Ligand code: UDP
Ligand code: MG
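In this note's numbering, the protein residues as written are 66 to 268.
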């Protein structure tokens, strides 16, 4: 059976991380999707790492990476993409703002329709400040003008086939932008609108 690796970057998700992973795990198990987790602790200063260790002790299909300090989400994603096995990876935030209920459809588009990249695009940006909305609009416009690639309301909620992962690994960049570079590599893509959920907890 094809195996999906769920990648999540974790920074100060505190007590919530255990249940957040469990929520995704239960949903995938119910949907009959073979999967494993690869969680990256990006130098959390709270109890996230202890909670992640508890998860990997309770569930053998949960693997962990721990960075030596907080390097930022992009670096945490790079560490996981470098080490992930599986037939496809699915990258998502660990605070449940990328709703796991969309995953079965993303997997179907990959397995049955042959899409090599299924990318979550924000149908609605959820709760955020006007400043953050304006900054995002300006950023994506500047990105489109300077690179010629329209990533619109892209997010890091993405499923990548193994082929795409291998192409990503060949990029020599040291300073990466996951949603930009994963658009640049090409492949058969499907843009799936999703509604950004509120955080499961924490800030
Ligand atoms: N994150 C991380 N390193 C950081 C900041 C955030 O790994 O330095 C993780 C965080 O735990 C979450 C995801 O990246 O899983 C998105 O972070 P956040 O919820 O703060 O961002 P937003 O939802 O505002 O995009
Ligand atoms: Mg969030």
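Don't be surprised by glycine CBs; every beta carbon is placed ideally from N, CA and C.
Being a predicted model, the structure only gives us computed values, none of them experimental.
- [ ] Assess, as a yes-or-no matter, whether the stretch 178-186 is touched by the stretch 247-255 under the definition of 3 or more beta carbon pairs within less than 8 Å.
- [x] yes
Open item on the list: Taking only three categories from DSSP, how would you classify residue 234?
Closed with: helix
- [ ] Starting from the C-beta of residue 126, find all residues in its chain whose C-beta is less than 6 Å away, skip the five residues before and the five after it, and write them out in chain order.
- [x] 101
TODO: Could you check what DSSP says for residue 250 in three-state terms: helix, strand or coil?
DONE: coil
- [ ] Can you check DSSP and say which residues form a bridge with residue 257?
- [x] 185
- [ ] Using 10 angstroms around the beta-carbon of residue 66, count the other beta-carbons present and answer buried if the total reaches 16, otherwise exposed.
- [x] exposed
- [ ] State yes or no: is the C-beta of residue 112 nearer than 7 Å to some heavy atom of the ligand MG?
- [x] no
Open item on the list: Helix, strand or coil, according to DSSP, for residue 200 in the structure here?
Closed with: helix
- [ ] Return helix, strand or coil for residue 107, following the three-state DSSP convention.
- [x] coil
Task: Residues near residue 266 in its chain [Cβ-Cβ closer than 7 Å; skip 5 each side] - done: 81
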